[in-house]
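Asks: Here you go, one structure.
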Amino acid sequence: MDAAPCISQIASLLAEPKRTAMLWALMDGSTRSPAELAALAGVSSTSANAHLARLTAGGLLRVETRRGKRVFRVAAPDVSAAIDALARTTMACAARSAPDALPPALAAPPLLRHARLCHGHLGGELGGQLYQHLLEAGWIERYEQRTDVTVKGAQHLAGLGIFTQALTSPLVCNCFDWSQEQPHLGGALGAGLLQLFLQSNWISVINESQALQVHDVGRLEIARLALPG
Numbered sequence: 050m051d052a053a054p055c056i057s058q059i060a061s062l063l064a065e066p067k068r069t070a071m072l073w074a075l076m077d078g079s080t081r082s083p084a085e086l087a088a089l090a091g092v093s094s095t096s097a098n099a100h101l102a103r104l105t106a107g108g109l110l111r112v113e114t115r116r117g118k119r120v121f122r123v124a125a126p127d128v129s130a131a132i133d134a135l136a137r138t139t140m141a142c143a144a145r146s147a148p149d150a151l152p153p154a155l156a157a158p159p160l161l162r163h164a165r166l167c168h169g170h171l172g173g174e175l176g177g178q179l180y181q182h183l184l185e186a187g188w189i190e191r192y193e194q195r196t197d198v199t200v201k202g203a204q205h206l207a208g209l210g211i212f213t214q215a216l217t218s219p220l221v222c223n224c225f226d227w228s229q230e231q232p233h234l235g236g237a238l239g240a241g242l243l244q245l246f247l248q249s250n251w252i253s254v255i256n257e258s259q260a261l262q263v264h265d266v267g268r269l270e271i272a273r274l275a276l277p278g
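Taken in order, the sequence shown gives residues 50 to 278; the numbers are from the working numbering.
Have a look at this one:
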């Protein structure tokens, strides 16, 4: 029970929609001024400063000085990860309440929406595109309740240095993306592909956030990774 008061404190900070809006705007690893965050949250400068002071004191944001002016950023990667987990939980709850309808995608900063970390694999638009490419190329097959790697897929992946027989279970699964109305690739294969992309310097993490920078060479290589045929 010793941890309960600390959890409650963080929960109380996130319970205010205006503060959540400020945090959400910083999830892409960016820094923003109090005036920018006030405008995004729809509050006055005085109110914004009060909210930012509470978020900073609570360890969720940190303040930096640039050219004599204050800017704010998310304090640490685990803060971004926790907020991302809450976004996934929001989608999961919506899916359970309406199991026959895919929940609408949540709006997010453009960098975060394009490519981001998700449970150790690649999420966002790029993750959804890769999933679709793998399906079209016949590297994976999707059934009603599961997704499997094909023999063809295992052979091509081995050529990339990813040996599916050595990966842990679950090998592959559909991860439904809170920013996209389509799944991306989860499981050990999704994690293995993300590590390949990072080690090849095709993508990189932006400012210890959940957002990923896709480099030009990475954009080309990922696009041609599983061309149909």
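For glycine and all other residues, C-beta sits at the position ideal for the given N, C-alpha and C.
Under the rule that 16 or more other beta-carbon atoms within 10 Å means buried, what is Ala97, buried or exposed?
Replies: The sequence position of residue 97 within the sequence shown is 48, counting from 1. Ala97 is buried by the Cβ-count criterion.
Asks: What is the residue span of the beta strand (DSSP E) that Gln262 lies within?
Replies: Taking the sequence shown and counting its residues from 1, one reaches residue 262 at position 213. That run of the beta strand (DSSP E) goes 261 to 263.
Asks: Would you kindly check if the distance between the Cβ of Leu160 and the Cβ of Ile252 is under 9 Å?
Replies: Along the sequence shown, read from residue 1 onward, the residue named residue 252 stands at position 203. Along the sequence shown, read from residue 1 onward, the residue named residue 160 stands at position 111. No, Cβ-Cβ distance for Ile252 and Leu160 is not below 9 Å.
Asks: Are the beta-carbon atoms belonging to Lys267 and Cys167 less than 9 Å from one another?
Replies: Translated into positions along the sequence shown, residue 267 becomes position 218. Translated into positions along the sequence shown, residue 167 becomes position 118. As written in the sequence, residue 267 is Gly, which differs from the Lys given in the question. Against a cut-off of 9 Å, the Cβ pair of Cys167 and Gly267 comes out as no contact.
Asks: Just checking, does the segment 177 to 197 make contact with the segment 216 to 235 on the three C-beta pairs under 8 Å criterion?
Replies: Yes: the two stretches touch, three or more of their Cβ pairs being nearer than 8 Å.
Asks: Among Phe121, Leu62, Met76, which residue has its Cα nearest to the Cα of Ala87?
Replies: Within the sequence shown, residue 87 is the residue found at index 38, counting from 1. When only C-alpha atoms are compared, the closest one is Phe121.
Asks: Measure the Cβ-Cβ separation of Arg81 and Arg103 and say whether it is below 9 Å.
Replies: Residue numbering aside, residue 81 sits at position 32 when the sequence shown is read from its first letter. Residue numbering aside, residue 103 sits at position 54 when the sequence shown is read from its first letter. No.
Asks: Note down, in chain order, each residue of its chain lying with its Cβ closer than 7 Å to the Cβ of Leu213, except the 5 sequence neighbours on either side.
Replies: What you label residue 213 is simply residue 164 of the sequence shown in a count that begins at 1. The amino acid at residue 213 is misidentified as Leu; the sequence shows Thr. So the list reads Val198, Ala203, Leu206, Leu220, Leu238, once near-sequence residues are dropped.
Asks: Which partner residues of Thr114 appear in the DSSP bridge assignment?
Replies: For the purposes of this step, residue 114 is identified with residue 65 of the sequence shown, where counting begins at 1. Arg119, per the DSSP bridge assignment.
Asks: Across which residues does DSSP place Asp197 in a beta bridge pair?
Replies: Counting from one through the sequence shown, the residue named residue 197 turns up at place 148. DSSP, once it has assigned bridges, lists Glu190 as partnering Asp197.
Asks: Where do the N-terminal and C-terminal ends of the beta strand (DSSP E) with Leu209 fall, by residue?
Replies: As a position in the sequence shown, residue 209 is number 160, starting the count at 1. Leu209 -> no beta strand (DSSP E), and no H or E assigned at all.
Asks: In whole angstroms, what separates the C-alpha of Thr217 from that of Leu110?
Replies: Numbered from 1 along the sequence shown, position 168 holds the residue referred to as residue 217. Numbered from 1 along the sequence shown, position 61 holds the residue referred to as residue 110. Cα to Cα, the separation comes out at about 36 Å.
Asks: Distance, Cα to Cα, Cys222 vs Leu184?
Replies: The residue you call residue 222 lines up with position 173 of the sequence shown. The residue you call residue 184 lines up with position 135 of the sequence shown. Cys222 and Leu184: Cα-Cα distance of roughly 13 Å.
Asks: Under the DSSP definition of a beta bridge, which residues are partnered with Phe225?
Replies: To locate residue 225, count along the sequence shown from 1; it is residue 176. Phe225 is bridged to Pro232.
Asks: Using a Cβ-Cβ cut-off of 6 Å (strictly less than) and excluding sequence neighbours within five positions of Val128, which residues of its own chain qualify?
Replies: As a first step, residue 128 is located in the sequence shown; it is residue number 79 there, counting from the start. Result list for Val128: Leu109, in chain order.
Asks: Starting from Leu166 and walking both ways along the alpha helix (DSSP H), at which residues does that stretch end?
Replies: One-based indexing of the sequence shown puts residue 166 at position 117. It is not in any alpha helix (DSSP H) - Leu166 instead sits in the beta strand (DSSP E) that spans 165 to 167.
Asks: So, is Ala156 buried or exposed, given that buried needs 16 or more other C-beta atoms within 10 angstroms?
Replies: For the purposes of this step, residue 156 is taken as the residue at position 107 of the sequence shown. Classification for Ala156: exposed.
Asks: Within the same chain, show all residues whose beta-carbon is closer than 6 Å to that of Trp227, passing over the 5 residues directly before and after it, in chain order.
Replies: For the purposes of this step, residue 227 is taken as the residue at position 178 of the sequence shown. Answer for Trp227: Ala136, Arg137, Met140, Leu155, listed in chain order.
Asks: Whole angstroms is fine: what's the gap from Gln93's alpha carbon to Pro83's?
Replies: As a first step, residue 93 must be located in the sequence shown, where it is residue number 44. As a first step, residue 83 must be located in the sequence shown, where it is residue number 34. Residue 93 is actually Ser in this sequence, not Gln. Each residue's Cα considered, the two are about 10 Å apart.
Asks: On the DSSP bridge list, what partners appear for Ser253?
Replies: Translated into positions along the sequence shown, residue 253 becomes position 204. DSSP, once it has assigned bridges, lists Gln262 as partnering Ser253.
Asks: CA-CA distance, Gly187 and His170?
Replies: Position 138 of the sequence shown, counted from the start, is the residue given in the question as residue 187. Position 121 of the sequence shown, counted from the start, is the residue given in the question as residue 170. Gly187 and His170: Cα-Cα distance of roughly 20 Å.
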